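J.:
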Amino acid sequence: MTKPYVFIMRKLPEDVVAPLSAIAEVEMWPHEDVAVPRDVLAEKAKRAAAILPMVSDPIDEEVLSACPALKVVANMGVGYDNIDVPAATRRGIVVCNTPDVLTDTTADLTFALLLAAARRLVEAAEFLKEGKWKSWSPFLLAGADVHHKTIGIVGMGNIGQAVAKRAKGFDMNVLYYNRSRRPEAEERLGAIYRPFFDLLAESDFVVCLTPLTPETRHLFNREAFRHMKPSAIFINAARGAVVDEQALYEALVHGEIAAAGLDVFEKEPVDPAHPLVSLPNVVALPHIGSATHETRRAMMTLARDNIIAVLEGRPPLTPVNRPS
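Here's what the structure looks like:
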């Protein structure tokens, strides 16, 4: 009996792939840090029963329509805006993601980004390395306190709630905005619901953790930044396209907000010449929210196990759609 063919779109550790190789013919793109070219993907996808992409790999209708044997797309990431889920559902293709296993790791990075932006850590490290530290002075690289401030979390899913938990450890007042109220977070974390613009106006730190959807694209636009305090610090660890980057740049340059910490950009990898990257009051990171050895291996393993389940005729562990 011919084994089903599986295409993995980055090089993964052999020990992670081994259980899948036992039931399928597995081909891995041989590079960890180079994306699969579009023409190569189109060719490989023609006979694939399963594809394992990264969150940066677009799996759109054009790709899906060329995959007559495709049963499952197992995304390595909690977000899946890189996949045309309605198109997959129409074709009976299961789409899976890797939630939960990266919640705490991403929350750690989000709060680290908040701290770095507030206390100007990257700027201070570069100041020292460039030999600019000549003496102590009262306001040398003075930043903003985090403790006892108000944090406004936009997107109160699992990661948002994990960030709120960390914020409580800093004695912060936690506000949140979400498409639907989260009574359990309100009770467990003392989080207080606010309408979107009220949250922006009251918060010292605004943290974006909302998924990218048609409704949230450019949610943070010129109007949103003008509702924030001039001392506010904006953090985005969700998706780049939730933010109008030109509006953010103008808000930072004109002093409408104080600083930003960004782990994501609308176009990735971001150009080093991007205007936001050049600003001294921006901490910019290369989308490393879940980047620890432990968590990335857990994500790979969950994506692999989703594929194995579908190929063996069992329900996937973490589906995001339910094709008929």
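Numbering-wise (this note's numbering), the sequence shown opens with residue 80 and increments by one. Ideal Cβ positions, reconstructed from N, Cα and C, are used throughout, including at glycine. On a predicted model such as this, the values are computed, not experimentally measured, just so you know.
1) Could you have a look at Met307 and say whether DSSP puts it in helix, strand or coil?
2) Rank Gly156, Asn154, Arg245, Trp215 by C-alpha distance to the C-alpha of Ser190 and give the top, closest one.
3) Give me the Cβ distance between Leu194 and Val225, rounded to the nearest whole Å; I'm assuming they're in contact under 8 Å.
4) Quick check: the region 205-215 against the region 372-384, are at least 3 beta-carbon pairs closer than 8 Å?
5) In three-state DSSP terms, what is Glu111?
6) Alpha carbon to alpha carbon, how far is Lys150 from Leu143?
7) Between the C-alpha atoms of Ala370 and Lys90, what's the straight-line distance to the nearest angstrom?
8) Have a look at Ala338 and Arg296 and give me their C-alpha separation to the nearest angstrom.
9) Can you find the residues in the same chain that come closer than 6 Å, C-beta to C-beta, to Thr292, ignoring five residues on each side of it along the sequence?
10) Does His110 pass the burial test, meaning 16 or more other C-beta atoms within 10 Å, or should it be called exposed?
11) How many angstroms separate the CA atom of Pro137 from the CA atom of Arg117?
12) With a threshold of 16 other CB atoms inside 10 Å of the CB of Phe218, please say whether the residue is buried or exposed.
13) Per DSSP, what are the beta-bridge partners of Thr229 in this structure?
14) I'd like to check one pair, Leu288 with Ile238: are the Cβ atoms closer than 8 Å?
15) Run through the DSSP bridge pairs and tell me what Pro398 is partnered with.
16) Run through the DSSP bridge pairs and tell me what Cys287 is partnered with.
17) Would you call Thr185 buried or exposed, if buried means 16 or more other Cβ atoms sit within 10 Å of its Cβ?
18) Quick test of the definition: if touching needs 3 or more C-beta pairs under 8 Å, does the region 173-182 touch the region 381-397?
19) So which of Gly222, Ala127, His366 has the shortest CA-CA distance to Arg199?
20) Locate the beta strand (DSSP E) running through Phe86, then write down its first and last residues.
21) Since Val286 and Ile232 are thought to touch, with beta carbons under 8 Å apart, how far apart are those beta carbons, to the nearest angstrom?
22) My output table needs one value for Phe218: the three-state DSSP class, helix, strand or coil.
23) Can you list, in chain order, the residues of its chain with a C-beta nearer than 7 Å to that of Ile387? Leave out the 5 residues immediately preceding and following it.
T.: Taking the coordinates as given:
1) coil
2) The amino acid at residue 190 is misidentified as Ser; the sequence shows Phe. Answer by Cα proximity: Arg245.
3) 6 Å
4) no
5) coil
6) 10 Å
7) 16 Å
8) 21 Å
9) none
10) exposed
11) 9 Å
12) exposed
13) Asn252
14) yes
15) Cys175
16) Val233, Asn315
17) buried
18) yes
19) Gly222
20) 84-87
21) 5 Å
22) coil
23) Pro98, Leu99, Ile102
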